[in-house]
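For the sequence shown, the working numbering assigns the number 1 to the initial residue and increments by one for each residue that follows.
Note that the Cβ used here is the ideal one computed from N, Cα and C, for glycine as well.
Model, not experiment: these values are computed from the prediction.
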Amino acid sequence: MKKMILLLALMLSTSIASFAIEGMWIPSLIDMFYSDMKTYGLKLKPQDIYSTNKSSLKDAIVQFNGGCTAEIVSDQGLLLTNHHCGMGAIRQHSSVEKDYLKNGFWAKNKEEELACTWMRVTFVKEIRDVTKEVFEGITDETSDSERRQIMAKNMKALQEKASTSESIQAKVKPFNMGNQYYMLITEDFNDIRLVGAPPSAIGKFGGDTDNWVWPRHTGDFAVFRIYANKDNKSAKHSEDNKPFKPAHYLPISMKKKKKGDFTMVYGFPGHTDQHYSSDKLKFYIEEERPARIKMRQTALDIISPAMNESDEIRLKYASKQASIANAWKKWIGQIGGLKELRAIDKKLKWEKEYTDKANSKPEWKEKYGKVIADLNATQAEYQQYEFARAMYIEYLYSSGLEAISYAYGFYDLALRYDGLVQDNKVEETAKKALGKAKGFFKDYDKGIDHKIFKAITPILIKKLPAELLPENFAANWEALGEKIFTSSVLLDAEKLEKLLTDFDEAKSKQLSEDPAIKMVQQMYSHYFGKINPKARAQSKKETELMKTFVEGILTMFPKRKTWADANSTLRIAYGKIDGSTPRDGMQYLHYTTIDGIMQKYDPNNPDFQLTDRFLELYKKGDFGDYTQNGKLWVCFTASNHTTGGNSGSPVIDAKGRLMGINFDRSWESTMSDFMFDESRCRNIVVDIRYVLWVIDKYGDAKHLVDEMTLAK
Ligand code: ARG
Ligand code: GLU
1 MKKMILLLAL MLSTSIASFA IEGMWIPSLI DMFYSDMKTY GLKLKPQDIY
51 STNKSSLKDA IVQFNGGCTA EIVSDQGLLL TNHHCGMGAI RQHSSVEKDY
101 LKNGFWAKNK EEELACTWMR VTFVKEIRDV TKEVFEGITD ETSDSERRQI
151 MAKNMKALQE KASTSESIQA KVKPFNMGNQ YYMLITEDFN DIRLVGAPPS
201 AIGKFGGDTD NWVWPRHTGD FAVFRIYANK DNKSAKHSED NKPFKPAHYL
251 PISMKKKKKG DFTMVYGFPG HTDQHYSSDK LKFYIEEERP ARIKMRQTAL
301 DIISPAMNES DEIRLKYASK QASIANAWKK WIGQIGGLKE LRAIDKKLKW
351 EKEYTDKANS KPEWKEKYGK VIADLNATQA EYQQYEFARA MYIEYLYSSG
401 LEAISYAYGF YDLALRYDGL VQDNKVEETA KKALGKAKGF FKDYDKGIDH
451 KIFKAITPIL IKKLPAELLP ENFAANWEAL GEKIFTSSVL LDAEKLEKLL
501 TDFDEAKSKQ LSEDPAIKMV QQMYSHYFGK INPKARAQSK KETELMKTFV
551 EGILTMFPKR KTWADANSTL RIAYGKIDGS TPRDGMQYLH YTTIDGIMQK
601 YDPNNPDFQL TDRFLELYKK GDFGDYTQNG KLWVCFTASN HTTGGNSGSP
651 VIDAKGRLMG INFDRSWEST MSDFMFDESR CRNIVVDIRY VLWVIDKYGD
701 AKHLVDEMTL AK
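Structure representation (structure tokens):
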């Protein structure tokens, strides 16, 4: 009988486990989703997760330098995040002699920890619903422009009142497309130090080949520490500062893991677009993303081989290439996933349901009956400008071409004496520009840039109608490019330094004749004259319509589980450890082990290198207390709804302990930014026991493990 009950319980638990849970929930609204989390196995109380009058999990979680997430794991402010989130800091402290990217870095004691003075981490002290206050003074009669003014004034007053010091700041943000407003009261800490990082052969093992892909074997973590002044308060970097004593830190879960275990991802997801109308989504799938992918693909085909041929180029282009490739690969996955999901059909069905519901009641009909038609009409009206805007941004900023956006930085010096800018800081501006140019040249290769220019400009021309391009651009670009890359002063470090020293009217004139500046003039004035105003008008219309659309969901479908799109604020996603069956005939396990690293190891492939030390340790087989049934787990997957910005987020178990660090999603789930699918959406996590093994055995930094609280 007992066995039967056990079997039944097991069956029940796996049947729940095969569904991922959509939504990134606002922690202060925990009462809304707490009972559901409990059904998935959570053992904590609501106030253990979010509280403003006692310490709770949220006090151990920070936004890391404005983008990723990190978590505190000791009473001395020790922080864990991803290697790819800390990469900038690791690179900044590296040189050819001390190549921490290549070899890793481990501070033997606190004196050896490396200050990252440009960095900050942000705690959330409180999330407060201020919707009523923001809308105060607005009636049905208030005009649009008045409404915007009143709201801006209300928000400003709220923020000013709650921003009580330089480090404690309040910001009011729209949620649910402006149907709700929340104020985030946050506290920044600025003395952040690098404590440890594995070599890229661990922290970026698998490289771009494995990026966004399961099965995964990346030890994507890095270790930092927060410092505070003697009163444990936020302070600028100083030798006198002490390790920060947090209100809460996460104990480490050393427990064996199994499929179905509760998981909670607590962090700062950046951006999602669940409410796109069917026509907009179609535009993204069929036109916008493919064009951007094409441009990036073309640039990567130039950059990547060059990096493999030369160490110098590899170091110069490592970060640039990673960022071009990361979104490029994600977008390909998203389009594939949305097509497989038949996302457009699903949207159309939902839009029909929405409009039918609206038409069932006169007052709803008036408010919401036309909103979808209006959204689609707006899309049709402005689509070509939205497309052009995306292409200009891709061309000028995101697909690897650097010369033109760099030259834009000199535009105000070139037009200085034409009355564009009227201040008397010419010398200062020239000096600043020179400083920036020096930084630029450090990681620049003119030959590669010219190749990119020649390869991606034809794509821009082919994709855009002539009237959305500068006049005669299609006929002139090649000659202009030749001039830019052979004779522009801006791309010649020596000549540029001469030009910017003792800058005067004659030099300004010379600069304004420079071919790169000529191109800037054409491109940017065309963009700001013809495209940007339309893009802004579209955005204004859409913002209004989207607010109404979501208001309609909240009003007409009160039982529907609605969640506010991610907006870089603190959120909770819950789920379970689970594998997946993304396609017929395929089944992914929910974990990988160190044996898989050895299987992938390929000394001839830059993405799959291992260090001698790693190979030795593997051979020795000393995995300490970090194994499960004799195996050292490396990564695992869970069914949490996550997105960019969730990198570095703690994955927390039912009792509030750290199970691993979130760092990616499987390729089949990347479409969850637009449409979630419970059967295949999986986030990818580096197992905390692998992290500890690397710190302890590989980094020989056991003192860091000893600082943490390990819980069985
Ligand atoms: N896909 C991860 C996220 O979106 C980034 C992983 C970084 N690694 C890489 N090979 N680019 O940011
Ligand atoms: N790697 C992503 C990040 O940097 C997380 C992956 C995702 O988009 O889910 O935030």
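Is residue i near ligand 2 - that is, is its Cβ less than 7 Å away from at least one heavy atom of it?
i    : result
S319 : no
On the three-state DSSP scale, how would you describe residue i?
i    : result
L710 : strand
M177 : helix
A228 : strand
C116 : coil
T81  : strand
P470 : coil
M675 : coil
W667 : helix
R289 : helix
K425 : coil
A701 : coil
K236 : coil
D514 : coil
P650 : strand
S715 : With the chain running from 1 to 712 in the structure shown, residue 715 is simply not present.
D584 : coil
R216 : coil
T209 : helix
M254 : coil
V62  : strand
D602 : coil
T555 : helix
T298 : helix
N662 : strand
V96  : coil
Could you give the C-beta distance for residue i and residue j, rounded to a whole number, given that I count them as a contact under 8 Å?
i    : j    : result
D607 : T209 : 5 Å
F64  : G585 : The Cβ separation is near 40 Å, so there is no contact.
G260 : K576 : 5 Å
K794 : K655 : Nothing about residue 794 can be reported from this structure: the residues present for the chain run from 1 to 712 only.
L570 : F268 : 6 Å
L491 : A403 : 6 Å
V213 : G196 : That belief does not hold up - the Cβ atoms of V213 and G196 are roughly 26 Å apart, past 8 Å.
Beta carbon of residue i, beta carbon of residue j: below 8 Å?
i    : j    : result
A107 : T298 : no
F387 : E288 : yes
I684 : T643 : no
Y574 : M37  : yes
V248 : D565 : A small fix is needed here, since residue 248 is His in this sequence, not Val. Not closer than 8 Å, so no.
Q334 : M556 : no
G77  : Y227 : yes
N154 : E133 : yes
L338 : F674 : yes
Ligand 1 and residue i: does any heavy atom of the ligand fall closer than 7 Å to the residue's C-beta?
i    : result
D208 : yes
N683 : no
F102 : One point to set straight first is that residue 102 is Lys, not Phe, in the sequence displayed. No, ligand 1 has no heavy atom inside 7 Å of this Cβ.
A322 : yes
K600 : no
A299 : no
W212 : yes
A479 : no
A325 : yes
K204 : yes
H84  : yes
Residue range of the beta strand (DSSP E) that residue i falls in?
i    : result
F262 : F262 to G267
A197 : D191 to A197
I750 : The displayed coordinates of the chain run from 1 to 712. Any statement about residue 750 would go beyond what the structure contains.
D504 : Here D504 belongs to no beta strand (DSSP E), and DSSP marks it neither H nor E.
Y574 : R571 to K576
W328 : First-last for W328: D311 to E340, but that is the alpha helix (DSSP H), not the beta strand (DSSP E).
F135 : F135 -> not in any beta strand (DSSP E); alpha helix (DSSP H) instead, spanning T131 to F135.
T69  : C68 to I72
Between residue i and chain B, is any beta-carbon pair separated by less than 8 Å?
i    : result
P606 : Absent from the structure is chain B; it holds one protein chain and no more.
In the DSSP assignment, find the alpha helix (DSSP H) that holds residue i and state where it starts and stops.
i    : result
Y626 : Run containing Y626: none; DSSP gives neither H nor E here.
I461 : K446 to K463
W633 : No alpha helix (DSSP H) holds W633; the beta strand (DSSP E) holding it covers W633 to A638.
Y385 : V371 to I393
*Specify which residues have a beta carbon nearer than 6 Å to any heavy atom of ligand 4, listing them in chain order.*
Among the ligands modelled here, namely ligand 1 and ligand 2, ligand 4 does not occur.
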